[in-house]
Structures are given as structure tokens and as C-alpha cells.
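Participant:
Number of protein chains: 2
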Amino acid sequence: MKLKDLGEFGFIDRIRPETLVRPESVILGIGDDCSVCRSSPDRVTLLTTDLLVGGVHFHLEKIPPDLLGRKSIAVNLSDIAAMGGFPKQALVSIAIPDTTRVETLDAIYEGMKSMAREFDVNLVGGDTTASPEHLVINVALVGEAREEEVLYRSGALKDDVVFLTGPVGDSAAGLDILLENRSFDGKDSLVQTHLNPRPHLKEGRIIATQKAAHSMIDVSDGLAGDLGHVCARSGVGAIVEEARIPTTELFRAYCERFGLDATRLATHVGEDYVLLGTVPENSAATLEKALESAGCGFYRIGRIVEEPGIRLTARDGSTRKIKPSGWNHFA
Amino acid sequence: MKLKDLGEFGFIDRIRPETLVRPESVILGIGDDCSVCRSSPDRVTLLTTDLLVGGVHFHLEKIPPDLLGRKSIAVNLSDIAAMGGFPKQALVSIAIPDTTRVETLDAIYEGMKSMAREFDVNLVGGDTTASPEHLVINVALVGEAREEEVLYRSGALKDDVVFLTGPVGDSAAGLDILLENRSFDGKDSLVQTHLNPRPHLKEGRIIATQKAAHSMIDVSDGLAGDLGHVCARSGVGAIVEEARIPTTELFRAYCERFGLDATRLATHVGEDYVLLGTVPENSAATLEKALESAGCGFYRIGRIVEEPGIRLTARDGSTRKIKPSGWNHFA
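Protein chains in written order, with our numbering: chain A, 5 to 335; chain B, 5 to 335.
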């Protein structure tokens with residue numbers, strides 16, 4: 005059997021059986037942004053890991069090494085944010101081809117440390133090894149949360165408001181600029197969003213402490229894919245209003261300039277690292293206020309419905325189904 | 005600057021500065037088999053990770069996929085054993101070339117699960133991604149220990165007895181058989197020790213609960229290298245009696261048959277995954293009895309001395325210095 009026939013999520017489903025031999029210490033295993041394990045009576049441990057492979061996730065010609073370091077930590081911080089937790093300790097494994105300069109490695113670690121410093125994370129250990137060809141970085145992150153504040157993908161309920169904590173699409177445009185070597189006024193800002201994402205930990209903590217949201221995820225696979233994860237896990241569907249998807253003026257100008265489908269870029273590429281949540285209508289205004297008074301964003305983009313699948317309501321009122329899928333590593 | 009001039013341990017020393025931004029939650033960061041972090045009042049969290057890269061750490065033609073899965077978990081379990089702790093939760097990251105068959109992956113995960121099951125470890129999460137060429141597996145393991153039982157590399161004191169919990173060398177011979185395609189009566193047993201090591205968690209727990217040992221490490225880089233780590237970190241040296249290094253009859257027969265330097269194979273290759281500890285003379289007999297009455301091994305191989313470096317006393321009474329180094333990934 006071929007992996008691409010199974011797909012990334014089919015493969016994960018195949019791994020899942022019999023992974024928990026001591027289920028009493030695990031609140032949630034495989035299947036969310038983090039796993040959630042029991043630690044002290046009122047706190048839980050959040051665990052997450054991300055593997056970045058040169059030639060797949062990054063190209064050293066396209067990303068400065070310090071930003072690669074920052075991003076390798078940031079993507080894990082974003083997973084902790086998506087559960088409503090605090091990040092604590094990081095382990096960094098690195099496999100290094102013998103052509104890599106020590107100065108490049110220094111810059112990678114400087115980037116990791118700067119991101120870790122900004123979010124109070126210790127780099128407590130790791131593994132260093134050789135690689136035959138590609139640079140490989142794995143970060144495992146341990147976080148903490150109050151059990152009653154943890155937000156899962158699986159909690160969305162019919163009639164919930166679907167919201168984002170920031171605009172989407174800039175990262176997709178930035179990637180496009182890098183891959184196509186395009187020149188564009190303001191391209192640096194788009195590229196920067198792709199290379200140096202800010203994990204929405206502050207937003208995640210505000211949403212968690214408000215205790216109003218029903219579900220949360222970070223937008224890494226793309227809005228459609230990640231909303232698809234929430235809906236599939238919650239047994240619901242969603243309707244998103246195309247006009248309400250938050251994007252920047254720069255992003256829209258870029259798409260217009262190069263004739264790109266802005267909605268596709270904003271929904272199906274990913275690496276936005278904003279948070280996507282669902283909250284009941286009667287708590288939405290309070291949550292919005294809490295986020296906005298802290299200088300954070302709250303963008304209503306749609307609503308949870310009973311009917312499975314994700315539908316997009318266009319500006320003219322017409323509705324179409326969109327594929328609830330984003331990035332699939334084995335497709 | 006080239007990485008090979010710096011070496012693996014020089015590179016790790018270069019990473020270490022400014023890694024702890026919240027030192028109050030960390031008892032030990034980079035530099036031992038696990039990092040040790042504060043969790044509940046009487047328990048500490050142990051964190052460890054190991055990155056296995058195809059073409060460097062394993063060749064799929066040489067190791068059956070289920071044993072690769074077992075070993076990827078076992079090497080991390082061995083790190084938990086070396087601190088005197090209990091393993092709890094594992095995260096598995098995997099980067100997969102598109103030529104890999106799903107059946108191979110199923111076997112890898114079956115092996116991981118079988119090893120995890122034997123030692124009560126949950127596989128709670130991970131990451132799955134594509135790889136341009138080589139299979140890459142990273143395992144991060146979370147364990148637990150009682151703070152007062154944790155054993156570090158840095159605790160060895162002058163006059164301590166140096167001991168091992170099992171024979172060394174079989175794994176090196178097994179690797180040699182695989183690399184040289186050698187045929188030898190009993191080769192399966194040697195190859196098996198290399199491919200399917202048993203983490204000495206039981207031994208680690210007995211040594212920890214006895215509270216007599218001063219230091220501990222697992223033998224992964226080779227007896228000389230790992231004893232070298234203990235001595236360097238403890239600011240001491242060691243004298244090892246060559247005749248007391250425990251090896252199997254099969255190992256000695258193999259070395260004799262192919263004219264190999266048995267002492268070098270037993271001390272400088274590694275992947276033995278037995279434990280090496282130091283204990284004061286007046287507690288050694290009690291510890292030996294505790295281990296042996298549980299069916300575990302205790303082999304005195306030498307003594308900690310003030311003078312730095314590692315010396316080997318040969319059968320004829322002569323003494324020579326040996327390099328306190330084993331495997332170095334960037335050498």
C-alpha cells in the first residue's frame with residue numbers, strides 16, 4: 005500500500021489504536037494540537053512536537069537561519085496557544101549535514117533562543133546528530149494548563165460563532181513571493197509573516213481564561229483544513245462568510261496584482277498561526293471585548309451548523325461547498 | 005568554522021548559554037541523559053529526546069522495521085533509566101520518503117507500541133511529515149522521578165566503585181556482523197543485542213531506590229566515552245580493570261575468531277544500553293545484593309580516582325590511558 009493513497013490523516017488514524025497503555029494518566033492522546041496528560045491535581049501537562057525537514061518545510065536559501073530557528077519554536081508555541089496553555093520547556097533535536105557551517109547553526113540557535121526568551125520557554129535538552137543530506141529540526145514542547153481551561157478541537161456546537169484572532173493569507177502570499185521570486189511593493193511584510201510568525205499565546209490565554217469558547221485550533225494547515233478538523237472532530241459543519249474572512253490590504257493588493265485567487269490563498273494554504281475558535285453567540289461580544297481591550301483581534305467569520313462540511317457564502321449571497329482540507333504531507 | 009572541528013560535545017557547549025530563561029522551573033537543563041524539571045512538590049519531570057536518521061543511525065536493509073520501532077523507543081527509555089526514573093508519555097515524529105511502504109510503517113509503529121507496552125508508556129502524540137530522501141524518527145519521552153532519587157552524571161566521588169549492570173560489547177559485535185556480512189555460530193544473539201536492546205529500567209529503579217549510588221549514565225556512546233562523561237562532569241578520573249569488564253563468552257569467541265580487539269569493541273563502540281554507575285565502597289555490597297536478588301547484574305569494573313582521565317589496568321598489572329571518548333557524530 006502506498007502512503008499517498010492513505011494520506012497524512014489516514015496514516016495518523018492507522019497509528020492511533022493501542023497507543024494508550026496507561027490511559028489513566030492521559031486526558032487526550034493523538035489527535036489535537038497537543039496531547040493532554042494529568043500532572044498535579046489542578047494542572048495538566050500539554051505535549052506537542054513538530055518536525056521540520058530541509059527541502060520539505062524550508063529551504064535554507066529562502067529563510068535566514070535565525071528565522072528558521074524562531075519558526076521551529078513558534079510552530080510549537082502555536083500548538084500550546086491553541087489549547088489555551090502556557091509553554092514551559094523545549095527539547096531541540098537537530099540532524100546536520102557536514103556541509104553546514106557552524107555560523108549557520110549559531111544563527112539557528114540564536115533564533116530559537118530569542119523566540120523562547122520572548123515566551124518564557126527554557127531550552128532544556130535535545131539531541132545533536134549527523135544527517136546524510138538535509139538539515140532536520142525537531143522541537144518537542146512541554147506546556148501546562150489548568151484542566152478546566154483547556155480547549156479542544158472537539159467542542160464546537162451548533163450555532164457557535166466561528167472566529168479568528170487575526171488575518172489569514174499573508175503567509176501564503178509571502179510563500180508565493182519566495183517561491184516565484186516576485187517583486188512587489190510591500191513584499192517584505194508578507195514574506196516576514198511567512199518566515200517569522202507570531203504565536204498567538206496571549207490570545208490563547210485570554211480565550212482560555214474567559215471560559216466561553218467551545219473549541220479552538222491554530223491555523224497551520226489552512227483555514228478550511230483546520231476548520232475542517234474542528235467540524236469533523238465535533239460532528240458538525242460550518243458556514244463561513246467569504247466577505248468576513250479577515251485579510252490585510254497588502255494581501256488583497258498582492259492577489260489582485262498577480263491575478264491570484266485570494267480566497268483560495270486565505271483558506272487553503274495555511275501557516276497563518278492565528279487561532280480559530282468557536283464560541284456561543286451570547287458570549288461572543290464579551291470575548292471580543294476581552295480580546296480587543298488587550299490589543300488582540302477577534303473576527304467573526306461564520307457559524308457552526310448541524311450539516312457536515314464547510315460552505316462558503318459569497319458576497320452575492322450564493323453558497324458553495326469548499327474542501328475541508330488544507331495541507332496533506334503525503335498527498 | 006566547520007562542525008567537525010568543533011565536535012558534537014563542543015557544539016553542545018556552544019548551544020548551552022542562555023538556554024534557561026525561567027531557571028526556577030529547571031533543576032538540570034542540557035547535559036545529562038535527561039533534563040530534570042520541577043513538577044509537583046515531590047516529583048520531578050524527566051525529559052529526553054533522540055533523533056534517528058536513516059543512513060546514519062540505521063539502514064532499513066539491516067534492521068527489520070519492527071525492531072527499528074522498538075529501538076527508537078528503547079534508546080529513550082534507557083535515558084530515563086539512567087536518571088532512576090519512570091517513563092510515562094512518548095511523542096513520535098516521523099519524516100517519510102514517498103518510497104516507503106505503508107506495511108513498513110505499520111511494522112515500525114507495531115515495534116514502537118510493543119516496546120511502549122512492555123514499559124507502560126503511552127504514545128500520546130507526534131508529527132507525521134514527508135522527507136525528501138531518508139526516513140527520520142524523533143522520539144521525545146516524558147518521565148517522572150522522585151527528586152531525591154534522581155541520579156546525575158556529576159555525582160561521582162573519589163574512591164567510588166564503578167559498576168555496570170550488564171555486559172558490554174555484544175552490540176558492537178552485532179553491528180560488526182551486520183556491516184561486514186559475517187557468518188558466525190551464534191551471530192543471531194549478537195545481532196539481536198544490537199538491534200533489539202533492553203533498556204535497564206528495572207535496574208535503574210533498584211539503584212535509585214537504594215539511594216546509595218552517587219552517579220549514573222547509560223552506556224550509549226561506549227563505556228570509555230560514557231565513563232568519560234561521568235568523570236568530566238564530576239571532576240574526577242577513573243581506573244578500570246580490563247579483566248573485570250563484563251563480556252559474554254560469545255563476544256569473546258567472536259573477537260578471537262575474526263582477530264578483533266575485544267577491549268576496544270567493549271569500550272569504544274557503544275549502544276550497549278546497560279547502566280554505568282558509581283557507588284561508595286561501603287554500599288557496594290548492599291547494592292549488588294539488591295540487584296542480584298532481583299535477577300539483575302552488578303559488575304564492579306574499577307574505581308573513581310582524583311586524577312582526571314581514564315586508565316585501564318591490563319591483566320599483567322600494567323596501566324595505560326584510554327581515550328575517554330566514544331561516538332562523536334561530527335568527528
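Note that CB positions come from ideal geometry on N, CA and C, so glycine has one too. Small disclaimer: the values here were computed from a predicted structure and weren't measured.
Tell me the rounded alpha-carbon separation between B/Arg319 and B/Arg256.
Facilitator: Along the second sequence, read from residue 1 onward, the residue named residue 319 of chain B stands at position 315. Along the second sequence, read from residue 1 onward, the residue named residue 256 of chain B stands at position 252. Each residue's alpha carbon lies about 15 Å from the other.
Participant: If I'm right that A/Val234 touches B/Ala99 with Cβ under 8 Å, what's the distance once you round it to whole angstroms?
Facilitator: Here residue 234 of chain A refers to the residue found at position 230 when the first sequence is read from its first residue. Here residue 99 of chain B refers to the residue found at position 95 when the second sequence is read from its first residue. Actually they are not in contact, since the Cβ atoms of A/Val234 and B/Ala99 sit about 26 Å apart, beyond 8 Å.
Participant: Which of the residues in the region 83-102 of chain A, read from start to end, lie with their CB under 7 Å from any CB of chain B?
Facilitator: Of all residues in the region 83-102 of chain A, Lys92, Gln93, Leu95, Ser97, Ala99, Ile100 and Asp102 have a Cβ within less than 7 Å of some Cβ in chain B.
Participant: Taking DSSP as the reference, what is the three-state secondary structure of A/Lys325?
Facilitator: Residue mapping note: residue 325 of chain A aligns to position 321 of the first sequence, counting from 1. If DSSP states are grouped into helix, strand and coil, A/Lys325 belongs with the strands.
Participant: Do you know offhand how far A/Glu114's Cα is from A/Ser97's?
Facilitator: Counting from one through the first sequence, the residue named residue 114 of chain A turns up at place 110. Counting from one through the first sequence, the residue named residue 97 of chain A turns up at place 93. Looking at the two C-alpha atoms, the distance is approximately 15 Å.
Participant: Run down chain B in chain order and give the residues with a C-beta less than 9 Å from the C-beta of A/Ala177.
Facilitator: Taking the first sequence and counting its residues from 1, one reaches residue 177 of chain A at position 173. By Cβ distance, chain B contributes nothing, its closest Cβ being about 23 Å from A/Ala177, past 9 Å.
Participant: With C-beta atoms as the reference, is B/Lys117 less than 8 Å away from A/Glu22?
Facilitator: Residue numbering aside, residue 117 of chain B sits at position 113 when the second sequence is read from its first letter. Residue numbering aside, residue 22 of chain A sits at position 18 when the first sequence is read from its first letter. Yes, the Cβ-Cβ distance between B/Lys117 and A/Glu22 is below 8 Å.
Participant: What beta strand (DSSP E) runs, 3 residues minimum, are completely inside the region 228-272 of chain B?
Facilitator: Qualifying beta strand (DSSP E) stretches, in chain order: 241-245.
Participant: Since A/Phe90 and A/Gly130 are thought to touch, with beta carbons under 8 Å apart, how far apart are those beta carbons, to the nearest angstrom?
Facilitator: Translated into the one-based positions of the first sequence, residue 90 of chain A becomes position 86. Translated into the one-based positions of the first sequence, residue 130 of chain A becomes position 126. With a Cβ gap of about 21 Å, A/Phe90 and A/Gly130 do not count as contacting.
Participant: Could you tell me the boundaries of the alpha helix (DSSP H) in which A/Val79 lies?
Facilitator: Translated into positions along the first sequence, residue 79 of chain A becomes position 75. Start and end: Pro69 to Met87.
Participant: Could you tell me which residues DSSP pairs with B/Tyr303 in its beta bridges?
Facilitator: Counted from its first residue, the second sequence places residue 303 of chain B at position 299. DSSP output for B/Tyr303 lists B/Leu168 as bridge partner(s).
Participant: Which residues mark the beginning and the end of the beta strand (DSSP E) in which B/Met220 is found?
Facilitator: In the second sequence, the residue the question calls residue 220 of chain B occupies position 216. Taken as a continuous stretch (DSSP letters only), the beta strand (DSSP E) holding B/Met220 covers Ser219 to Asp222.
Participant: Strictly by DSSP, which residues pair up with A/Pro91?
Facilitator: The residue given as residue 91 of chain A occupies position 87 in the first sequence. The partner list for A/Pro91 (beta bridge, DSSP) reads A/Gly147.
Participant: Counting only Cβ pairs nearer than 8 Å, list the residues of chain A close to B/Leu205.
Facilitator: Walking along the second sequence from the start, residue 205 of chain B turns up at place 201. Neighbours of B/Leu205 on chain A: none; closest Cβ ~14 Å, over 8 Å.
Participant: Using DSSP's beta-bridge definition, name the partner residues of B/Cys41.
Facilitator: Translated into positions along the second sequence, residue 41 of chain B becomes position 37. BP columns for B/Cys41 point to B/Val30 and B/Thr49.
Participant: With a threshold of 8 Å between beta-carbons, can B/Lys66 be considered close to chain A, or not?
Facilitator: Working through the second sequence from its first residue, we reach residue 66 of chain B at position 62. False, the Cβ-Cβ gap to chain A never drops below 8 Å.
Participant: Do the region 280-294 of chain A and the region 187-199 of chain A meet, that is, are 3 or more Cβ pairs less than 8 Å apart?
Facilitator: No: the two stretches stay apart, fewer than three of their Cβ pairs being nearer than 8 Å.
Participant: Excluding the 5 residues preceding and the 5 following B/Tyr156 in the sequence, name in chain order all residues of the same chain whose CB lies nearer than 7 Å to its CB.
Facilitator: For the purposes of this step, residue 156 of chain B is identified with residue 152 of the second sequence, where counting begins at 1. These residues qualify, in order along the chain: Leu32, Asp36 and Ser219.
Participant: Hey, is A/Lys117's beta-carbon within less than 8 Å of any beta-carbon in chain B?
Facilitator: Taking the first sequence and counting its residues from 1, one reaches residue 117 of chain A at position 113. For A/Lys117, the answer is yes, since a Cβ of chain B falls inside 8 Å of its Cβ.
Participant: Measure from the C-beta of A/Phe15 to each C-beta in chain B and report whether the shortest distance is under 8 Å.
Facilitator: Taking the first sequence and counting its residues from 1, one reaches residue 15 of chain A at position 11. Yes, contact with chain B.
Participant: Helix, strand or coil, according to DSSP, for A/Asn200 in the structure here?
Facilitator: Sequence index remark: in the first sequence, residue 200 of chain A carries index 196 (1-based). DSSP places A/Asn200 in coil when its eight states are reduced to three.
Participant: Skipping 5 residues on each side, what residues in its chain have a beta carbon closer than 7 Å to that of B/Cys300?
Facilitator: Taking the second sequence and counting its residues from 1, one reaches residue 300 of chain B at position 296. Cβ neighbours of B/Cys300 beyond the five flanking positions: Thr169, Lys206, Glu207 and Ile210.
Participant: Find out if the Cβ-Cβ distance for the pair B/Gly274, B/Gly229 is shorter than 8 Å.
Facilitator: In the second sequence, the residue the question calls residue 274 of chain B occupies position 270. In the second sequence, the residue the question calls residue 229 of chain B occupies position 225. Yes, the pair counts as a contact, with Cβ atoms nearer than the cut-off.
Participant: When DSSP labels each residue in this structure, what does B/Lys206 get in the three-state scheme?
Facilitator: As a first step, residue 206 of chain B must be located in the second sequence, where it is residue number 202. The answer is helix: DSSP assigns B/Lys206 an H, G or I state.
Participant: Can you look up A/Val215 in the DSSP assignment and give me helix, strand or coil?
Facilitator: As a working mapping, residue 215 of chain A is identified with position 211 in the first sequence. The sequence shown places Lys at residue 215 of chain A, rather than the Val named in the question. In this structure, A/Lys215 counts as coil in the three-state DSSP scheme.
Participant: Could you give the residue range of the alpha helix (DSSP H) that holds A/Asp110?
Facilitator: Numbered from its first residue, the first sequence carries residue 110 of chain A at position 106. Per DSSP, A/Asp110 belongs to the alpha helix (DSSP H) from Val106 to Glu122.
Participant: Can you confirm whether B/Lys75, when its beta carbon is compared against all beta carbons of chain A, has any partner nearer than 8 Å?
Facilitator: As a working note, residue 75 of chain B is residue 71 in the second sequence. Chain A contact via Cβ: absent.
Participant: Give a yes or no on whether the C-beta atoms belonging to B/Thr213 and B/Leu145 are separated by under 8 Å.
Facilitator: In the second sequence, counting from the first residue as 1, residue 213 of chain B sits at position 209. In the second sequence, counting from the first residue as 1, residue 145 of chain B sits at position 141. In this structure, B/Leu145 does not lie closer than 8 Å to B/Thr213 by Cβ.
Participant: Find the residues of chain B that neighbour A/Lys8, judging by a C-beta separation of less than 7 Å, and give them in chain order.
Facilitator: Taking the first sequence and counting its residues from 1, the one referred to as residue 8 of chain A is at position 4. Those are Asp102, listed as they occur along chain B.
Participant: A/Met220 CB to nearest chain B CB: under 8 Å?
Facilitator: Mapped onto the first sequence, residue 220 of chain A falls at position 216. For A/Met220, the answer is no, since every Cβ of chain B falls outside 8 Å of its Cβ.
Participant: According to DSSP, is B/Ser187 part of a helix, a strand, or is it coil?
Facilitator: Reading the second sequence from its first residue, position 183 is the one you call residue 187 of chain B. If DSSP states are grouped into helix, strand and coil, B/Ser187 belongs with coil.
Participant: Buried or exposed for B/Arg202, going by 16 or more other Cβ atoms inside 10 Å?
Facilitator: Here the question's residue 202 of chain B lines up with position 198 in the second sequence. Counting Cβ neighbours within 10 Å, B/Arg202 comes out buried, since at least 16 surround it.
Participant: Taking the alpha-carbon of A/Ser329 as reference, which of A/Ala270, A/Leu291 and A/Ala289 has the nearest alpha-carbon?
Facilitator: Position 325 of the first sequence holds residue 329 of chain A. Checking every option, the nearest Cα to that of A/Ser329 belongs to A/Ala270.
Participant: Quick one: give me the first and last residue of the alpha helix (DSSP H) that A/Arg18 is part of.
Facilitator: Counting from one through the first sequence, the residue named residue 18 of chain A turns up at place 14. A/Arg18 -> alpha helix (DSSP H) spans Leu7 to Ile19.
Participant: Considering only DSSP beta bridges, list what A/Ile308 is partnered with.
Facilitator: Within the first sequence, numbered from 1, the residue matching residue 308 of chain A stands at position 304. Note: A/Ile308 sits in a beta bridge opposite A/Ala242.
Participant: Give every residue of the same chain whose Cβ lies closer than 7 Å to the Cβ of B/Tyr258, excluding the five residues on either side of it in the sequence, and list them in chain order.
Facilitator: Reading the second sequence from its first residue, position 254 is the one you call residue 258 of chain B. For B/Tyr258, where only same-chain residues beyond five positions count, the Cβ hits under 7 Å are Ala177, Phe188 and Leu194.
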